[in-house]
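Chains as they are written, first to last, in our numbering: chain A, 691 to 804; chain B, 1348 to 1465. Think of the CB as a built atom: it goes at the ideal place given N, C-alpha and C, for glycine as much as any other residue. Quick notes on the structure that follows.
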Amino acid sequence: SQTIHQWPATLVQPVGSPLSLECTVEGTSNPNLYWYRQAAGRGLQLLFYSVGIGQISSEVPQNLSASRPQDRQFILSSKKLLLSDSGFYLCACLNPRGAWETQYFGPGTRLLVL
Amino acid sequence: AQSVSQHNHHVILSEAASLELGCNYSYGGTVNLFWYVQYPGQHLQLLLKYFSGDPLVKGIKGFEAEFIKSKFSFNLRKPSVQWSDTAEYFCAFYREADRGSTLGRLYFGRGTQLTVWP
């Protein structure tokens, strides 16, 4: 079964600083990958998804971006963080050829922008 | 637009009480339905799922959910909760129409925080 790693686990950054959150997946190949943001009382908001290397689709226009340089690596970035970027960021993967339509989630990164 | 509504933001129960968390989705086509749970400090994990067949599905830890197509609902139930059930619960659905894109895009509700007092 797949395992998802995210780092860092916690991050405190000043407003205007850059951001790079990393997600790596083990135990599967060519997965679909997703970045979600979880804010208290607002559920999970899908930010980006990728069905392959270099293929990124954005759900919500904002100052964040994503990249997929390798099959099992998914990176969430920002050039300048805003206060509103604070939240809990979850990476998820889905194996289209496996347990159908079941997404598996990583441990998350808690980001606090001050 | 597709959406998922979870009616209760925060539910507080005593141990042994019965639980029902409401979930309604808005989409006219075929869907697959999920409940995810996030225990304090842990990963979001799948609790149960419905794809087809018997609309009453059973998941881990004694949870079950019933799909009522006419009501666009997928409520989560447990006859007797335990303190260890304290967690946040998310309802989600997957549109059959997304299959062709291989995207597997899930639509999540806002979550319901369940607190169980011992």
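Item: Relative to the C-alpha of A/K769, which residue among A/G706, A/Y726, A/N720 is closest?; Value: A/G706
Item: Return helix, strand or coil for A/G706, following the three-state DSSP convention.; Value: coil
Item: Please confirm whether B/K1396 has its beta-carbon closer than 8 angstroms to some beta-carbon of chain A.; Value: yes
Item: Could you tell me whether the Cβ of B/R1424 comes closer than 8 angstroms to any Cβ of chain A?; Value: no
Item: Output, in sequence order along the chain, the residues in the region 747 to 780 of chain A whose CB is closer than 7 angstroms to any CB in chain B.; Value: L780
Item: Suppose the cutoff is 8 angstroms on Cβ atoms and the five residues either side in sequence are ignored; what does the same chain contact list for A/I743 look like?; Value: R758, P759, Q760, D761
Item: In the DSSP output, what is B/T1462 paired with across the bridge?; Value: B/I1359
Item: With distance defined between alpha-carbon atoms, name the residue in A/F778, A/L802, A/W697, A/P708 nearest to A/L736.; Value: A/F778
Item: Give the residues of chain A in contact with B/G1456, contact being defined as C-beta atoms less than 7 angstroms apart.; Value: G733
Item: Would you mind reading off the limits of the beta strand (DSSP E) that contains B/K1396?; Value: 1391 to 1397
Item: Between the region 1361 to 1376 of chain B and the region 1426 to 1434 of chain B, do three or more beta carbon pairs fall short of 8 angstroms?; Value: yes
Item: Taking all protein chains shown into account, do 16 or more other C-beta atoms lie within 10 angstroms of the C-beta of A/S710, making it buried, or fewer, making it exposed?; Value: exposed
Item: Less than 8 angstroms between the CB atoms is what I'm expecting for A/V803 and A/L771, so what's the real figure, rounded?; Value: 5 angstroms
Item: Confirm, please, whether the CB-CB distance from A/E716 to A/I765 is below 8 angstroms.; Value: no
Item: Residues of chain B with CB closer than 9 angstroms to the CB of A/T700, please, in chain order.; Value: Near A/T700 there are no residues of chain B at all, since even the closest Cβ is about 12 angstroms away, more than 9 angstroms.
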